[in-house]
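Q: Residue numbers (our numbering): 117 to 446.
The beta carbon of each residue, even a glycine, is placed where N, CA and C say it ideally should be.
Keep in mind it's a predicted model, so treat the numbers as computed, not measured.
#1: In whole angstroms, what is the alpha-carbon distance linking residue 235 and residue 301?
#2: Return the residue from the list 341, 312 and 256 that minimises the CA-CA distance to residue 298.
#3: What did DSSP end up calling residue 410 once you bin it into helix, strand or coil?
#4: From the DSSP secondary-structure annotation, give me the bridge partner or partners of residue 147.
#5: Considering only C-alpha positions, which residue in the set 217, 266, 407 and 195 is nearest to residue 347?
#6: Using CA coordinates, which residue listed in 155, 213 and 433 is at the minimum distance from residue 319?
#7: Which value, in whole angstroms, describes the spacing of the CA atoms of residue 367 and residue 242?
#8: Give the DSSP-derived three-state secondary structure of residue 213 in the structure shown.
#9: I need the straight-line Cα distance from residue 457 to residue 184, nearest angstrom please.
#10: Residue 201 by DSSP, collapsed to three states: which one?
#11: Should residue 405 go down as buried or exposed, given a rule of 16 or more other Cβ atoms within 10 Å for buried?
#12: How many angstroms separate the CA atom of residue 414 from the CA atom of residue 424?
#13: So, at 6 Å on beta carbons, what are the nonlocal neighbours of residue 432 in its own chain, with the 5 sequence-adjacent residues on each side left out?
#14: If residue 208 and residue 180 are in contact, beta carbons under 8 Å, what's the gap, nearest whole angstrom?
#15: Considering only C-alpha positions, which residue in the set 313, 152 and 205 is nearest to residue 336?
#16: Answer yes or no: do residue 173 and residue 256 have a C-beta to C-beta separation smaller than 8 Å?
#17: Measure the C-alpha to C-alpha separation of residue 280 and residue 194 and round it to an integer number of angstroms.
#18: Can you tell which of 287, 304, 230 and 221 has its C-alpha closest to the C-alpha of residue 329?
#19: Any idea if residue 178 is buried or exposed, counting beta-carbon neighbours within 10 angstroms, 16 or more meaning buried?
#20: Considering only the beta carbon of each residue, do residue 326 and residue 228 sit closer than 8 Å?
#21: Could I get the ranges of all uninterrupted beta strand (DSSP E) runs contained in the region 302-382, with 3 residues as the minimum, in chain order?
#22: DSSP three-state call for residue 66: helix, strand or coil?
#23: Just tell me which of 306, 372 and 311 has its CA closest to the CA of residue 333.
#24: Throw me the rounded Cβ distance for the residue 175 and residue 251 pair, which I believe falls under 8 Å.
#25: Starting from residue 261, follow its DSSP beta bridges and name the residues at the other end.
#26: Residues in the same chain with beta-carbon distance under 7 Å from residue 407, minus the five sequence neighbours each way, listed in chain order, please.
#27: Bridge partners of residue 184, per DSSP?
#28: Would residue 154 be called buried (16 or more neighbouring beta carbons within 10 Å of its own) or exposed?
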């Protein structure tokens, strides 16, 4: 889909022969946002891999590496690399804000109209970043391209696989969308389309889930590209219980934000239905008598239904520009 109707028009510049006309913003086509936290042993290799692939692609770009208050030598490695990598800019946080905060601030500071999110832990095939960018450049009907992983190589794999499958199915059910990979860390999207949703990003890992659901819930088309996923370098920052809980909570929060009736109305109807059936059974057994537990079921159903309708009214009347996406013609 095209960018949001409120997005500024971006200038274009001539490109080499055989390349499409590329929209540029601030002199670059794409900004690669790279959050870094205690990645000193491999971040340089990751930067070299990204730089080599982007230089070969011919696209104008910048890499915004954000040190999230690392406690090792990551910041020193980044600053040294910036002296010999002209496309690299380094931003250092004084306190740890989480990968979601780094990605949000990086997107706001991006000079490119296309923003790429990825990780610095050698898990994602970052040499394929130009392919993600090219999809957005050649097909204006897509506003985001997500690298859909074929395997799971993280820690606690025997727990992560079923947990992520369950969370993804919940998200698909609530959003009425097929989602091959809900929380992939490798993606490219149009900055102008993402701006209304950046304030919704949580500080942690579930920021990628948020940006996926924000686009889907507002009819911004997403293209999924199959990618390989490698075992990470260094120590994982993922905590299974805490982060899985946050993922589920964020999925529910995002659906509530855009379509609260999806969450509340089914529960309300189930309670009302069970209460009504129980009331009939109670009256057959003892005419003109409704027990307290039956009344509680009916009242709870009515209260939740009322809350859902009120929440839906608030969503529809808040005047949020994010709820007015652009529409493609043709």
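A: This is what the structure holds:
#1: A direct Cα-to-Cα measurement between residue 235 and residue 301 gives close to 6 Å.
#2: Nearest option by C-alpha distance: 341.
#3: Helix.
#4: DSSP output for residue 147 lists 178 and 231 as bridge partner(s).
#5: Comparing Cα-Cα distances from residue 347 to each of 217, 266, 407 and 195, the minimum goes to 266.
#6: Answer by Cα proximity: 213.
#7: Answer to the nearest angstrom: the Cα atoms are 27 Å apart.
#8: The answer is coil: DSSP assigns residue 213 none of H, G, I, E or B.
#9: Given a span of 117 to 446 for the chain in the structure shown, any question on residue 457 remains unanswerable.
#10: Coil at residue 201, not helix or strand.
#11: In the assembly as shown, residue 405 is an exposed residue. Its beta-carbon has fewer than 16 other beta-carbons within 10 Å.
#12: If you draw a straight line from the Cα of residue 414 to the Cα of residue 424, it comes to about 15 Å.
#13: Answer for residue 432: no residue qualifies.
#14: Their Cβ separation, rounded to whole angstroms, is 12 Å, which puts residue 208 and residue 180 out of contact at 8 Å.
#15: Just measuring C-alpha positions, the residue of 313, 152 and 205 sitting nearest residue 336 is 313.
#16: Going by C-beta atoms, residue 173 is not nearer than 8 Å to residue 256.
#17: Take the alpha-carbon of residue 280 and the one of residue 194: they are about 33 Å apart.
#18: The residue from 287, 304, 230 and 221 with its alpha-carbon nearest to that of residue 329 is 287.
#19: That one is buried.
#20: No; because the gap between Cβ atoms is not below 8 Å, this pair is not in contact.
#21: Runs of the beta strand (DSSP E) inside the region 302-382: 303-306 and 338-343.
#22: Absent from the structure is residue 66, since the part of the chain shown begins at 117 and ends at 446.
#23: Between residue 333 and the set 306, 372 and 311, the nearest pair of CA atoms involves 372.
#24: Not quite, the Cβ-Cβ distance comes to about 13 Å (not below 8 Å), so this is no contact.
#25: DSSP output for residue 261 lists 304 and 339 as bridge partner(s).
#26: Excluding sequence neighbours, residue 407 sits near 398.
#27: Answer is none; residue 184 lacks a bridge partner.
#28: Residue 154 sits buried, since 16 or more C-beta atoms from the chains shown fall within 10 Å of its C-beta.
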